[in-house]
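K.L.:
Just add 8 to wherever you are in the sequence shown, counting from 1, and you've got the working numbering.
Mind having a look at this structure? Questions to follow.
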Amino acid sequence: MSEFVTALQGRIQGAQEKLAAAREAEHDYEIYLHIARIKDLLDTAERVGVDTSGWIDPAELATAESRG
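Dropping the structure here:
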């Protein structure tokens, strides 16, 4: 795994941890921000051809509104 991919995966994992904490605290705006950051990082990975399958469960990117 290249240094870029390792750094990218680390940033996604860090954002996932912050997302989990925001959900625990029920901070809707922070949840939105962390989901947006993760999506941005995943888009970056896709643009450069990095396979991110298995890095994150797509259900984690659901907002409270889409969860029902």
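Don't be surprised by glycine CBs; every beta carbon is placed ideally from N, CA and C.
All figures in this text were calculated on a predicted structure; none of them were measured in a lab.
1) State whether the segment 10–17 contacts the segment 29–40, with contact taken as three or more CB pairs (one from each stretch) at a distance under 8 Å.
2) Tell me whether the beta-carbon of residue 24 lies closer than 8 Å to the beta-carbon of residue 46.
3) Can you round the beta-carbon distance between residue 71 and residue 20 to whole angstroms, since I take them to be within the 8 Å contact cut?
4) Can you give the beta carbon distance from residue 27 to residue 68, rounded, assuming they're within the 8 Å contact cut?
5) Can you tell me where the alpha helix (DSSP H) with residue 43 in it begins and where it stops?
P.N.:
With the structure as the only source:
1) no
2) yes
3) In fact, because the Cβ distance is near 18 Å, the residues do not count as touching under 8 Å.
4) 7 Å
5) 36–55
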